[in-house]
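In my numbering, the protein residues as written are 64 to 291.
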């Protein structure tokens, strides 16, 4: 009988327990902000982004609750598959595909900062391939791309993973806010033309929640280990 390896409790790495906690933190953040996400989407979309994201990440939490895979990647890929099957609209394939790509890149029991950076890059590539969007198009990429760049920069400079994740979260939120004056060139919002200007993109907003959840999860792990 195959047994799962014991995760390494390290504040500067991602193991299966931390990956599961990350998904739980995303679900909690989406639950807290779902009305705001829907309000943003009602201005330039179908007014269902908050509801869809809440349903999807709640389902992912349930799917992962008793799941004990051998690698971080298998766990995150399962989260992605659950998102694809439960999140409506374009967000399901985009988020689900991203988490599956991240998972495929993390075929390890414990991931370090450079491995996570490469996996996050794979997630962005998945979104770009499916959505055919680029920075400046007023989509989730406008939060994801700067977050990835900040994480990679910090990792390359030798920063620990919590610091890199915090920089990524800050960059994601800055990118999120930068979508407000943009005119949408992709997605449902692009149909509005100039009327999309002046509204923060809901996909960029939920993406910022994902990166902030990662930063807070890593920070909480580090704080917990430091208190022992």
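All C-beta atoms in this analysis are idealised placements derived from N, C-alpha and C, irrespective of residue type, glycine included.
Helix, strand or coil at residue i [DSSP, three-state]
{"i": "residue 77", "result": "strand"}
{"i": "residue 86", "result": "helix"}
{"i": "residue 173", "result": "strand"}
{"i": "residue 260", "result": "coil"}
{"i": "residue 246", "result": "coil"}
{"i": "residue 294", "result": "Nothing about residue 294 can be reported from this structure: the residues present for the chain run from 64 to 291 only."}
{"i": "residue 273", "result": "helix"}
{"i": "residue 130", "result": "coil"}
{"i": "residue 160", "result": "helix"}
{"i": "residue 198", "result": "coil"}
{"i": "residue 282", "result": "helix"}
{"i": "residue 302", "result": "Residue 302 is absent from the structure shown; the chain starts at 64 and stops at 291."}
{"i": "residue 109", "result": "coil"}
{"i": "residue 152", "result": "coil"}
Backbone CA spacing between residue i and residue j [nearest angstrom]
{"i": "residue 70", "j": "residue 130", "result": "Annotation note: pLDDT 37 at residue 70 (below 50); position unreliable, no value reported."}
{"i": "residue 149", "j": "residue 93", "result": "15 Å"}
{"i": "residue 145", "j": "residue 159", "result": "7 Å"}
{"i": "residue 105", "j": "residue 258", "result": "13 Å"}
{"i": "residue 89", "j": "residue 78", "result": "17 Å"}
{"i": "residue 255", "j": "residue 247", "result": "8 Å"}
{"i": "residue 174", "j": "residue 81", "result": "10 Å"}
{"i": "residue 216", "j": "residue 199", "result": "21 Å"}
{"i": "residue 282", "j": "residue 288", "result": "10 Å"}
{"i": "residue 98", "j": "residue 211", "result": "27 Å"}
{"i": "residue 284", "j": "residue 260", "result": "39 Å"}
{"i": "residue 87", "j": "residue 264", "result": "23 Å"}
{"i": "residue 166", "j": "residue 262", "result": "32 Å"}
{"i": "residue 115", "j": "residue 249", "result": "19 Å"}
{"i": "residue 147", "j": "residue 201", "result": "22 Å"}
{"i": "residue 95", "j": "residue 237", "result": "20 Å"}
{"i": "residue 221", "j": "residue 178", "result": "13 Å"}
{"i": "residue 137", "j": "residue 111", "result": "29 Å"}
Integer Cβ distance of residue i from residue j, believed to fall under 8 Å
{"i": "residue 127", "j": "residue 142", "result": "6 Å"}
{"i": "residue 120", "j": "residue 140", "result": "About 15 Å; that fails the 8 Å criterion."}
{"i": "residue 203", "j": "residue 75", "result": "Not quite, the Cβ-Cβ distance comes to about 27 Å (not below 8 Å), so this is no contact."}
{"i": "residue 187", "j": "residue 208", "result": "6 Å"}
{"i": "residue 155", "j": "residue 109", "result": "Between residue 109 and residue 155 the Cβ distance is about 13 Å, and since that is not below 8 Å, they are no contact."}
Segment limits, alpha helix (DSSP H) that includes residue i
{"i": "residue 177", "result": "176-194"}
{"i": "residue 207", "result": "204-219"}
{"i": "residue 124", "result": "112-127"}
{"i": "residue 251", "result": "Neither: residue 251 is in no alpha helix (DSSP H) and is coded neither H nor E."}
{"i": "residue 136", "result": "135-149"}
{"i": "residue 226", "result": "224-241"}
Residue i and residue j closer than 7 Å at C-beta
{"i": "residue 206", "j": "residue 180", "result": "no"}
{"i": "residue 271", "j": "residue 235", "result": "yes"}
{"i": "residue 195", "j": "residue 107", "result": "no"}
{"i": "residue 134", "j": "residue 170", "result": "yes"}
{"i": "residue 267", "j": "residue 239", "result": "yes"}
{"i": "residue 277", "j": "residue 228", "result": "yes"}
{"i": "residue 189", "j": "residue 213", "result": "no"}
{"i": "residue 27", "j": "residue 103", "result": "Any answer about residue 27 is impossible in this case: the structure gives the chain only from 64 up to 291."}
{"i": "residue 85", "j": "residue 280", "result": "yes"}
{"i": "residue 168", "j": "residue 185", "result": "yes"}
{"i": "residue 231", "j": "residue 274", "result": "yes"}
Any non-hydrogen atom of the ligand ZN closer than 6 Å to residue i Cβ
{"i": "residue 270", "result": "Absent from the structure shown: the ligand ZN. Ligands present: none."}
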